[in-house]
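**Q** There's a structure below that I have some questions on.
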Amino acid sequence: MTVKLGGLELRNPVLTASGTFASGREFADFVELERLGAVVTKGVSLDPWDGNASPRVAETASGMLNSIGLQNPGVDAFCENDLAWLADVDVPVIVNVSGHSVAGYVGVIERLERETGVAGYEVNISCPNVDAGGMAFGTECSAAAEVTRACRVATTRLLVVKLTPNVTDIVQIARAVEAEGADALSLINTVLGMAVDVETFRPKLSRVVGGISGPAIKPIALRMVWQVSNAVSVPVIGMGGIMSADDAVEFMLVGATAVAVGTANFIDPTVTMRIVDGLAEFCHARGIERVSDLTGAMKA
Amino acid sequence: MTVKLGGLELRNPVLTASGTFASGREFADFVELERLGAVVTKGVSLDPWDGNASPRVAETASGMLNSIGLQNPGVDAFCENDLAWLADVDVPVIVNVSGHSVAGYVGVIERLERETGVAGYEVNISCPNVDAGGMAFGTECSAAAEVTRACRVATTRLLVVKLTPNVTDIVQIARAVEAEGADALSLINTVLGMAVDVETFRPKLSRVVGGISGPAIKPIALRMVWQVSNAVSVPVIGMGGIMSADDAVEFMLVGATAVAVGTANFIDPTVTMRIVDGLAEFCHARGIERVSDLTGAMKA
Amino acid sequence: MRRCMGEESVWRPVNPALERISVVANERLAEGVGLVTLHAPRAAAGVLPGQFVHVRISRGTDFILRRPFSVHRVSGERIEILYQVLGVGTRALAEKVAGEEMDLVGPLGSGWRVCEGTARALLVAGGLGVAPLGMLAEELAGRGVAITVAIGAPREERVLARNLFERVARRVEIATDDGSCGLRGPVTGVCERLLSDGSFDIVYTCGPELMQRKVATRAAAVDIPCQVSLERLMACGIGACLSCVVRTVDGMKRACVDGPVFDAQQVLWDPTETPPEH
Amino acid sequence: MRRCMGEESVWRPVNPALERISVVANERLAEGVGLVTLHAPRAAAGVLPGQFVHVRISRGTDFILRRPFSVHRVSGERIEILYQVLGVGTRALAEKVAGEEMDLVGPLGSGWRVCEGTARALLVAGGLGVAPLGMLAEELAGRGVAITVAIGAPREERVLARNLFERVARRVEIATDDGSCGLRGPVTGVCERLLSDGSFDIVYTCGPELMQRKVATRAAAVDIPCQVSLERLMACGIGACLSCVVRTVDGMKRACVDGPVFDAQQVLWDPTETPPEH
Ligand SMILES: Cc1cc2nc3c(=O)[nH]c(=O)nc-3n(C[C@H](O)[C@H](O)[C@H](O)COP(=O)(O)OP(=O)(O)OC[C@H]3O[C@@H](n4cnc5c(N)ncnc54)[C@H](O)[C@@H]3O)c2cc1C
Ligand SMILES: Cc1cc2nc3c(=O)[nH]c(=O)nc-3n(C[C@H](O)[C@H](O)[C@H](O)COP(=O)(O)OP(=O)(O)OC[C@H]3O[C@@H](n4cnc5c(N)ncnc54)[C@H](O)[C@@H]3O)c2cc1C
Ligand SMILES: Cc1cc2nc3c(=O)[nH]c(=O)nc-3n(C[C@H](O)[C@H](O)[C@H](O)COP(=O)(O)O)c2cc1C
Ligand SMILES: Cc1cc2nc3c(=O)[nH]c(=O)nc-3n(C[C@H](O)[C@H](O)[C@H](O)COP(=O)(O)O)c2cc1C
Ligand code: FES
Ligand code: FES
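Chains as they are written, first to last, in numbering that gives the first Met the number 0: chain L, 0 to 299; chain Y, 0 to 299; chain S, 0 to 277; chain V, 0 to 277.
Now the structure itself:
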């Protein structure tokens, strides 16, 4: 069941999607964390962020909207609490990194370089409010490249860059990021959307727009993982609406090396265990020796 | 219940979304066509198009994928059969226009200018395979502007341009199209996606990727209608996942002047009538005098 | 080719409508196969053999499209649907209990064409292909047509609607893959023998597409007209979406309104499927 | 402020788990209000007053999130949930019949805190706010605490759980908006009078947020500790998603794990809501 992400060998290809699993502690009653491929933590920034006003979530057809706004206590508190707790758990930890500026991203990484127990970073270049001319870093090749370059200089650990789907051509962004030395790509982050309450005439999120996640976006995510994995040579971590082992298989068939499970954790906190077991069964039932044989095995 | 689209006054804001209603004849058993705001026909091209190989549809969570590929018998056959049939129906007809090139779009319009019974055109600049460097016309401002300009020269009838959601910044495209004289904008067309059969390892669509429609894309569509209607002064026809009068209200609240109902026609062929009635009831129950008062009435 | 091509069918379809229906009974017939009886008075009164109904199994948005099913039998205000559990929709259908409500759009499609003067018909069914042939057999028998039926199935348990056919047919032949009932082997073998032995005015067939194609080839070889019933993924079911196209000698046709029944010779079979051995 | 702040509660929570449950009964109590009894042995054994369970009402993807409900009562292996039909989830819950299966994650949240020495408690409920107070009243009564309950409702029909409270409380006061039962007017009026008349060790309140805020203000005015139970939209229910945050004097807290019960003085009430008149 092992898969390789850059220099990292994972027990299996099932990861947690950032922001949906905290740092794992909240799931300790439901999940054997040691049986995950890796824990990808919630987004961490240099300074504490308050996040957005409530309501922060709304339900949509086969999905949900969120505008949490990357609320987090800052990297120091993260090291003290989350990393310290994770130190006793035998699972690779990939820290999801947020920033308002290139220096912000790099600052988080530099602080974390002083810690053991961090296997790698997932750089989230798809937060909607950063200082690159009001545009997210992830929607422009040059900005995406700049962040990647700066982070690459800051670490030799696994460097994953997480892409946004809200672009005309995700392949261009992926190529730009790969060229700057990213070891792997994560996709997709949430899709921008909104919803309105027809009784009150108010938007359902206080910030009006938010990110859609869940099964509704799976077809978009699959399409992008397929496009990107055909265009780059680094491994791709696929995510977006994975609810079952079959969904995970779908992502691997279109080219993902590993998968991340997000919103599904809210619906069934044990879901990652079901997917780990289900993937093994899927392969076993079909005589597929290595789960990695699924990667890119779609017959087009 | 009347609303205005450019120079055209519609009985009510409920239209049919192109490609989901043929030219109305197939719905004659279920719908009083005269009670629609307008019939928007399936896409028509200069020459007959065969469309894509089967399977052409697949179901996804709260939605469906299609890769019909604009199969149509060409504009001459359309005039002979569809327009002739519609001539006896008292409903405004907006013809959805497809093309592989600027000349292709213009050719369809020129041919239709010779016909009575056409109230306007909806120019579909979001078909995935056209000759503008493999990129859809709808994903580049300059190409979108060029098509609009050429079509504007060809007609004084209502000119609607239909935008694709598969772009980084739909507002830019909308502005470019408005600047070239479009009377109204339609959005959104389908969202690019794919799905894979995990039993056979094959894509569920023969063309691998297709367009997602239905409730799953509603939050994306609402967000884009909101963004665009705040940025342009021409009316917006909102669509994407409308299944009920409440959904139609949501689109109007974020800024749509009219709405179009697509995939829902497949699920309930009488749905447009339910929405026309439901909109009237919604307004009546709340003492809203004109349905057009809903347009942009969201309290942000 | 002799009789019954291009001629008018003896049956005339009624207009389709959206109809609220309720489950009267839902019976498991075999592993993964069920028969659901629906109270659907309008459809029951108007449906012709070979037509289908487009059923909204779920009202939620978990899966949104209707599912097409042939009407297997009609009795009074009820229609019967024979179904195989394949995916999310048929699984949900299998879980329906008496009293639950759904709705359908129907009756839809062209149905089997029967011409004046038809005296001897051969019906060839593969697996669930018996579904649209049940009503046909009863109606033909009612018109005094002599019917021979060949049914193919993987094993005995999956030989469906045998009683119905034995009640109305002159002769019923069965073939199973494992030989647990009737002959061992494909139903196309039985069909070939019947076609060379007897004489028929028409062959009606439904089942896996490759099987139908083989049956059509055999019928053509002995110059007997053949009607096939093709399955396609269907979104609208009423001719609007073009998801269900069938390539024919007369161009692209829609399985939902121009079919599902086609004259076999009209059909340009899918070139990606292996052609039948001759 | 006197007793019971920051001190340990007499109750200790158990770890939550995913539990398969089934509907034992589902009863309509009033227009849009129901009481569902669930077989949920693990939750029943471990749940504390004021805790909630996170229920997956639909297994489809039509609406995917769980719905949080307070446990109203426990009896044996069963828990009772008092619910109001508001949207798609509670509508689906209202349609559940005996025997249907669901699952829950629970017991979740902090629950009401009860300190050693509590002798007299005032419970103030607005509308569905009675839900998490039912079990509290029973447990407090079991510990010999003298309970006074004030219930507010729009009209008589909507005065919920009256029997339960009358069985265990020393005194039950009712206020309805239309005066069809008890006093006419808001329950906060009753609460104010009770607080100035009697003496209590603690006030527990649940209901619309503005009402809870008013109750808290009144309790603070007479220097009695008050616990409130706050509702927030909840995605995960277990502290991971940060959708349910509550602003407090100690920073952002999560209603699902740090609450839903908070000491009233900890809460920084939503500034966009109109403040209560003093
Ligand atoms: C005119 C017509 C009449 C039919 N009559 C019957 C009948 O009487 N009894 C019966 O059991 N089935 C019948 N079918 C097939 C039936 O519609 C499908 O099996 C059903 O829609 C599958 O739904 P699902 O959600 O269970 O499967 P899905 O989860 O949608 O799909 C499961 C598998 O079934 C395939 N499939 C889905 N829909 C169809 C379809 N329309 N045609 C062929 N394959 C499909 C899919 O490609 C997939 O491989 C008929 C189909 C047509 C077009
Ligand atoms: C800890 C906790 C305990 C609760 N206990 C009970 C209880 O015992 N009985 C009961 O009837 N309800 C209770 N609720 C509220 C209940 O969870 C919501 O009413 C329910 O989730 C609505 O689901 P729906 O699908 O019917 O409504 P939706 O269609 O999701 O929404 C309908 C309306 O209800 C509002 N709403 C939705 N979810 C919540 C929520 N979690 N809190 C507040 N408002 C919401 C929405 O904003 C919307 O205006 C509790 C909520 C929490 C957080
Ligand atoms: C509540 C919530 C919070 C999230 N927070 C983060 C985050 O901090 N950093 C990040 O890169 N992605 C974040 N995401 C995006 C997810 O990691 C994931 O990319 C997305 O939700 C799609 O996967 P899913 O459909 O399985 O949820 C968040 C998603 C949700 C729903
Ligand atoms: C089967 C199908 C065919 C379509 N054909 C066309 C078309 O010919 N021209 C066009 O502009 N849009 C076409 N569309 C897009 C719809 O008009 C509409 O923009 C989209 O489906 C979103 O709306 P909905 O979610 O209500 O379906 C088609 C959509 C579907 C599902
Ligand atoms: S199913 Fe839509 S045209 Fe046949
Ligand atoms: S509901 Fe997810 S943190 Fe509270």
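In this text, a Cβ means the ideal position worked out from N, Cα and C, and glycines have one as well. None of the values given here were measured: they were computed from a predicted structure.
What are the residues that DSSP puts in a beta bridge with residue 147/S?
**A** 121/S, 170/S
**Q** Which ranges does the alpha helix (DSSP H) cover as unbroken runs of at least 4 residues, wholly within the region 170-244 of chain V, from first to last along the chain?
**A** Counting only runs of 4 or more, we get 186-196, 208-220.
**Q** Is the Cβ of residue 238/Y closer than 8 Å to any Cβ of chain L?
**A** Taking Cβ atoms only, chain L never reaches closer than 8 Å to residue 238/Y, which makes this a no.
**Q** Using a threshold of 8 Å, state whether the C-beta atoms of residue 63/S and residue 63/Y are closer than that.
**A** yes
**Q** For residue 301/L and residue 13/V, which I take to be in contact (beta-carbon distance under 8 Å), what is that distance rounded to the nearest angstrom?
**A** Past the edges of chain L, shown from 0 to 299, lies residue 301/L, and the structure says nothing about it.
**Q** What does residue 57/S touch in chain V if you count any residue whose Cβ is under 9 Å from its own?
**A** Correct list: 59, 61.
**Q** Interface residues of chain L around residue 15/V at Cβ under 9 Å?
**A** Chain L residues near residue 15/V: 28, 29, 268.
**Q** Using a threshold of 8 Å, state whether the C-beta atoms of residue 107/L and residue 185/L are closer than that.
**A** no
**Q** Can you look up residue 279/Y in the DSSP assignment and give me helix, strand or coil?
**A** Three-state DSSP puts residue 279/Y in a helix.
**Q** First and last residue of the alpha helix (DSSP H) that includes residue 68/L?
**A** No alpha helix (DSSP H) holds residue 68/L; DSSP gives it neither H nor E.
**Q** Can you tell me the Cα-Cα spacing of residue 122/V and residue 293/L, whole angstroms?
**A** 59 Å
**Q** For chain Y, find out if any of its Cβ atoms is closer than 8 Å to the Cβ of residue 241/L; answer yes or no.
**A** no
**Q** For residue 156/Y, is the beta carbon positioned less than 7 Å from some heavy atom of ligand 6?
**A** no
**Q** Any heavy atom of ligand 4 closer than 7 Å to the CB of residue 260/Y?
**A** yes
**Q** Strictly below 8 Å CB to CB, what residues from chain L border residue 21/V?
**A** Under the 8 Å cutoff, chain L gives no residues; its nearest Cβ is about 18 Å from residue 21/V.
**Q** Using a Cβ-Cβ cut-off of 8 Å, state whether residue 165/Y counts as contacting chain L.
**A** yes
**Q** For a cutoff of 8 Å on Cβ pairs, would you count residue 194/L as touching chain V?
**A** no
**Q** Residue 264/L by DSSP, collapsed to three states: which one?
**A** helix
**Q** Here's the rule I'm using: 16 or more other beta-carbon atoms within 10 Å means buried, otherwise exposed. How should residue 148/V be labelled?
**A** The C-beta of residue 148/V has 16 or more other C-beta atoms within 10 Å across all chains shown, which makes the residue buried.
**Q** Please list the segments of the alpha helix (DSSP H) lying wholly inside the region 58-83 of chain V, counting only runs of 4 or more residues, in order along the chain.
**A** Within the region 58-83 of chain V, no complete alpha helix (DSSP H) run reaches 4 residues.
**Q** List, in chain order, every chain S residue whose beta-carbon is nearer than 9 Å to that of residue 33/Y.
**A** Those do not exist, as residue 33/Y stays about 18 Å from chain S at its closest Cβ, beyond 9 Å.
**Q** How is residue 219/Y classed by DSSP in three states: helix, strand or coil?
**A** If DSSP states are grouped into helix, strand and coil, residue 219/Y belongs with the helices.
**Q** Against chain V, does residue 188/L count as a neighbour if the rule is that its beta carbon must be under 8 Å from one of theirs?
**A** no
**Q** With 16 other CB atoms within 10 Å as the buried threshold, where does residue 60/V fall?
**A** buried
**Q** Shorter than 7 Å, the distance from the beta carbon of residue 189/L to the closest heavy atom of ligand 3, or not?
**A** yes
**Q** Alpha carbon to alpha carbon, what distance is there between residue 230/Y and residue 48/L?
**A** One C-alpha to the other measures close to 31 Å.
**Q** Classify residue 85/V as helix, strand or coil using the three-state DSSP reduction.
**A** Residue state, collapsed to three classes: coil.
**Q** Counting only Cβ pairs nearer than 8 Å, list the residues of chain L close to residue 211/Y.
**A** Listed by position along chain L, the residues whose Cβ is nearer than 8 Å to that of residue 211/Y are 218, 219.
**Q** To which residues does DSSP link residue 58/L through a beta bridge?
**A** 63/L
**Q** Tell me the residue span of the alpha helix (DSSP H) that contains residue 77/Y.
**A** Counting along the chain, the alpha helix (DSSP H) containing residue 77/Y begins and ends at 74-77.
**Q** Can you have a look at residue 15/Y and say buried or exposed, based on whether 16 or more other CB atoms are within 10 angstroms of its CB?
**A** buried
**Q** Given a cut-off of 8 Å, decide if residue 158/S and residue 146/S are closer than it, judged by their beta-carbon atoms.
**A** no
**Q** Taking 7 Å as the cut-off, is the beta-carbon of residue 16/L closer than that to any non-hydrogen atom of ligand 3?
**A** yes
**Q** May I have a chain-ordered list of the alpha helix (DSSP H) segments no shorter than 4 residues that lie completely inside the region 219-259 of chain Y?
**A** 244-252
**Q** Please name the residue, chosen from 205/V, 196/V, 212/V, 234/V, that lies closest to residue 212/L on a Cα-to-Cα basis.
**A** 234/V
**Q** Is there a Cβ from chain Y that is less than 8 Å from the Cβ of residue 109/S?
**A** Judged by the 8 Å Cβ criterion, residue 109/S is not in contact with chain Y.
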